[in-house]
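Residue numbers (our numbering), protein chains in the order written: chain W, 163 to 317; chain R, 252 to 392.
Structure first, commentary second.
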């Protein structure tokens, strides 16, 4: 279904995010699921709706046909479904991503760091340099939004 | 939206729970799901909900724009400070073991401080972006 109403498009994105969060939950990715529910379904919806204030709900001057978009969408769908065959089977014990470091993290997180949630120990401990970069990126994003949307003499 | 009875009452009831859940995710991230990033976003979502219902003016009297700007820098600086603390105490950058006499306790302290920094930065960046998108007309002059 194609919609030209931006409000329903935003709501579809939100529902899609919520379903994604549920799928992550079923796949035992609780941390990712929490992030998806909070960011995808929560904050980004609010920000999209905030931008609607500056625009109109309906897309104007859009008489062009949407067939190129549908072709693009089908191509994307085809390429993605081609890649699905490369994914490991659900519930398979030995997967390709299970490398030496993964086993090390799982085995030593409790004894080395005293943290039972391996995701936290990897993010904040073993890979804390990456997390530092991530925080810097978020900080820069905040500064950039501030710089773009700043009105005179405030903010 | 302050004149609408049902959103106002329901928001008053659930906002403490959202903020409490955010804090739980923040300080219990070592043992259950979540961490600083998720906690920051949940906390920011609760605060933004408060802003939507009671007006952005009331929200900014609690947490002003300048405060969010400062706090997001404080979070990042706390992260970097913990990194350099490792060097000062005789380890590597972002090495938590020297933070305490017991290495495991040092790791726990380091992770706690770093997650606090991440949570501060993320929540304040989210609130700041929300404020930037919702400036009132009077402010635009």
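Beta carbons are placed, not taken as given, at the ideal position from N, Cα and C, and that holds for glycine.
Determine, using beta carbons only, whether residue i comes closer than 9 Å to chain R.
i	result
residue 265/W	no
residue 308/W	yes
residue 217/W	no
residue 220/W	no
residue 318/W	This structure does not reach residue 318/W, given that chain W is present from 163 up to 317, and the question cannot be answered.
residue 205/W	yes
residue 243/W	no
residue 311/W	yes
Any beta carbon of chain W sitting closer than 9 Å to that of residue i?
i	result
residue 320/R	yes
residue 373/R	yes
residue 288/R	yes
residue 258/R	no
residue 356/R	yes
residue 330/R	yes
residue 359/R	yes
residue 280/R	yes
residue 391/R	For residue 391/R, the predicted model reports a pLDDT of 45, less than 50, meaning its position is unreliable and no value from the coordinates is stated.
residue 369/R	yes
DSSP beta-bridge partners for residue i?
i	result
residue 321/R	Partner(s): none; residue 321/R has no beta bridge.
residue 215/W	Note: residue 215/W sits in no beta bridge, so no partner.
residue 167/W	220/W
Answer with yes or no whether the minimum CB distance from residue i to chain C is below 9 Å.
i	result
residue 253/W	Absent here is chain C; the protein component of the structure consists of chains W and R.
State the Cα-Cα distance for the pair residue i and residue j, rounded to the nearest angstrom.
i	j	result
residue 361/R	residue 217/W	45 Å
residue 196/W	residue 284/R	8 Å
residue 390/R	residue 208/W	Because the pLDDT at residue 390/R is just 49, under 50, the model does not fix this residue reliably, and the value given afterwards should be weighed accordingly. About 21 Å.
residue 327/R	residue 367/R	10 Å
residue 281/R	residue 278/W	6 Å
residue 257/R	residue 180/W	24 Å
residue 169/W	residue 219/W	6 Å
residue 231/W	residue 171/W	15 Å
residue 290/R	residue 319/R	16 Å
residue 265/R	residue 234/W	43 Å
residue 185/W	residue 338/R	42 Å
residue 311/W	residue 265/W	46 Å
residue 392/R	residue 331/R	Because the pLDDT of residue 392/R is 34, which lies under 50, any placement of that residue in the model is unreliable, and the question is left without a value.
Listing by chain order, which chain R residues have their CB less than 9 Å from the CB of residue i?
i	result
residue 301/W	323, 324, 326, 327, 372, 376
residue 233/W	Within chain R, no residue comes near residue 233/W; the closest Cβ sits about 34 Å away, beyond 9 Å.
residue 176/W	Those within 9 Å of residue 176/W in chain R number zero; the least Cβ separation is about 13 Å.
Which bits of chain R does residue i rub up against, with CB to CB less than 8 Å?
i	result
residue 212/W	381, 384, 385
residue 190/W	Within 8 Å Cβ-Cβ: nothing; residue 190/W doesn't reach chain R, min ~10 Å.
Against residue i, what residues of chain W qualify as contacts under a CB-to-CB distance less than 7 Å, listed in chain order?
i	result
residue 283/R	279
Write down the C-beta distance between residue i and residue j rounded to the nearest angstrom, noting that I regard them as a contact closer than 8 Å.
i	j	result
residue 276/R	residue 293/R	6 Å
residue 358/R	residue 313/W	Incorrect: roughly 45 Å between the Cβ atoms, too far for contact.
residue 267/W	residue 283/W	7 Å
residue 378/R	residue 324/R	Going by Cβ atoms, the distance from residue 378/R to residue 324/R rounds to 14 Å, so no, they are not a contact pair.
residue 336/R	residue 350/R	7 Å
residue 333/R	residue 303/R	Residue 333/R to residue 303/R, Cβ: 35 Å. No contact.
residue 293/W	residue 369/R	7 Å
At a CB-CB cut-off below 8 Å, which residues of chain W make contact with residue i?
i	result
residue 345/R	290, 291, 294
residue 365/R	286, 290, 293
residue 292/R	197, 200, 201, 204, 205
residue 362/R	275, 277, 282, 283, 286, 287
Listing by chain order, which chain R residues have their CB less than 7 Å from the CB of residue i?
i	result
residue 208/W	299, 381
residue 173/W	Within 7 Å Cβ-Cβ: nothing; residue 173/W doesn't reach chain R, min ~16 Å.
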